[in-house]
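Engineer:
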Amino acid sequence: MCPALCTSKKLKYNKCTNYRGGKKVLIAQCDGVCKEGSTVKAVIKSKHPKEEFRFEPLDLEKHANGSLTQMGYKMAHNIFKSMLDSQMLEERDKISDIFSFLWSLDVAQYKRENRELKSAEMTAMQNIWGLINQDEYLFMKVHQKQSFVPKMYGTCGFYYVMEYAPPGDILDPQFFSGSGSSFEERAKTAIDILDIVQSLDYGFYEPVHMCDVKAENFGIGEDQQVKILDSDSLFFHTSMMKNLAQPSCTNHDDCDFFDCRGWCELETGKCTKQRSNNNLQTVCEDILIDKPTNFYAGLLHNPPSKFKEELMPLLEECAYPAHSKGIVRKPTSDDVYWKLHNLLKRIMRES
1068 MCPALCTSKK
1078 LKYNKCTNYR
1088 GGKKVLIAQC
1098 DGVCKEGSTV
1108 KAVIKSKHPK
1118 EEFRFEPLDL
1128 EKHANGSLTQ
1138 MGYKMAHNIF
1148 KSMLDSQMLE
1158 ERDKISDIFS
1168 FLWSLDVAQY
1178 KRENRELKSA
1188 EMTAMQNIWG
1198 LINQDEYLFM
1208 KVHQKQSFVP
1218 KMYGTCGFYY
1228 VMEYAPPGDI
1238 LDPQFFSGSG
1248 SSFEERAKTA
1258 IDILDIVQSL
1268 DYGFYEPVHM
1278 CDVKAENFGI
1288 GEDQQVKILD
1298 SDSLFFHTSM
1308 MKNLAQPSCT
1318 NHDDCDFFDC
1328 RGWCELETGK
1338 CTKQRSNNNL
1348 QTVCEDILID
1358 KPTNFYAGLL
1368 HNPPSKFKEE
1378 LMPLLEECAY
1388 PAHSKGIVRK
1398 PTSDDVYWKL
1408 HNLLKRIMRE
1418 S
């Protein structure tokens, strides 16, 4: 994407949506290079190394002229393979060229086009290293086949360009009640989010935990499917258990990792390696159901009157399993998932 950004100007900056430190999030106009023959909006993202983004330097064996030795190339391959393995991709052993798979360019082609640079291969490795040390980039690049992952268009340095998927009226993070969307439209979006929950729970080599669940972290893609916009808060189960295993605790709150709630073994003062709630419970509590205490209208507010008596108790059971009060530390069952999923489909058919 560097030529489009720097030379042809086919990727033009529009506005910045994040003015805080850390991740840069820019909205851009993309003319023909993101989608052939079309001008579309795109999102440019990166964590900048000069700010909060820190990672170990890539120290590879090089020749005196800066080119990689055979050992340096092998070192890079092993390091990158370890990063790829962390993503639990079942087909990862079938990937013949890890470098090109993790990057937006073919490394061999990049070397040919920059043959006058002895350090071209090392430059490529440094670019890939800076990208895959960004959790969001690594997850989204590796799992492009998942329908809820925005399309990745390309990269330039440590920046990556991806599909623009705004929340729109349906997933407006302010007040759902202020949108002009119908209940049927919101029910369709809720079904998409429930499908994402099912995919995260059962569609990977091991479960994936969502630990920052809010409407603004989802958007509607070009295919009208719901996308996850911020995958920094997605953790595979093995990694999640490490996050929950705090060294000591005096109450359950000490063991929480954002929306992923832990459990304190009060007799020993140690956090257990287990999550006490689950993705479904969090989605129901933080997105689908109303929260009158803070004037938040859930995505499924104001259902058709003939379905209200059936839907509302089901949402309560989903958000607050076993009539939980306060901070919920119980998982919602798969049985509730299917009841809710099937009811929403029936509402859409009969409305």
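Position 307 (the sequence shown) corresponds to 1374 in the numbering used here; numbering is contiguous. Note that beta-carbon positions come from the ideal geometry of N, C-alpha and C, so glycine has one too. Since the structure is predicted, the reported quantities are computational estimates derived from the model, not experimental observations.
Contact between the region 1209–1228 and the region 1306–1314: three or more CB pairs below 8 Å?
Structural biologist: The region 1209–1228 vs the region 1306–1314: no contact.
Engineer: Does DSSP put L1301 in a helix, in a strand, or in coil?
Structural biologist: It is a strand residue.
Engineer: Output yes or no for whether 9 Å exceeds the beta carbon distance between M1379 and A1254.
Structural biologist: Going by C-beta atoms, M1379 is not nearer than 9 Å to A1254.
Engineer: What's the C-alpha gap between E1383 and A1232?
Structural biologist: Going by the C-alpha atoms only, they are around 29 Å apart.
Engineer: In the DSSP assignment, the beta strand (DSSP E) including A1187 goes from what residue to what residue?
Structural biologist: Premise fails: A1187 lies in the alpha helix (DSSP H), A1187 to I1199, not in any beta strand (DSSP E).
Engineer: Going by DSSP, which residues form a beta bridge with A1109?
Structural biologist: According to DSSP, which records beta bridges pairwise, A1109 is partnered with A1095 and E1230.
Engineer: Check this for me: beta carbons of I1356 and L1347, under 9 Å apart or not?
Structural biologist: Contact: no.
Engineer: Output the distance between the C-alpha atoms of L1074 and G1197, rounded to the nearest integer angstrom.
Structural biologist: The displayed chain sequence assigns Thr, not Leu, to residue 1074. Approximately 23 Å between the Cα atoms of the pair.
Engineer: So what does DSSP say about K1212, is it helix, strand or coil?
Structural biologist: In the structure shown, K1212 sits in coil (DSSP, three-state: anything other than H, G, I, E or B).
Engineer: So what's H1319 in DSSP terms, helix, strand or just coil?
Structural biologist: Three-state DSSP puts H1319 in a helix.
Engineer: Taking the C-alpha atoms as reference points, what is the distance between R1328 and M1207?
Structural biologist: Taking the straight line joining both Cα atoms gives about 25 Å.
Engineer: Which runs of the alpha helix (DSSP H), 4 residues or longer, sit entirely within the region 1358–1398?
Structural biologist: With a minimum length of 4 residues, the continuous alpha helix (DSSP H) runs that stay inside the region 1358–1398 are 1372–1386.
Engineer: Measure from the alpha carbon of L1093 to the alpha carbon of each residue in G1247, D1321, K1108 and A1191, then state which is nearest.
Structural biologist: If we check each option's Cα against that of L1093, K1108 comes out closest.
Engineer: Under the rule that 16 or more other beta-carbon atoms within 10 Å means buried, what is A1095, buried or exposed?
Structural biologist: Per the 10 Å Cβ criterion, buried.
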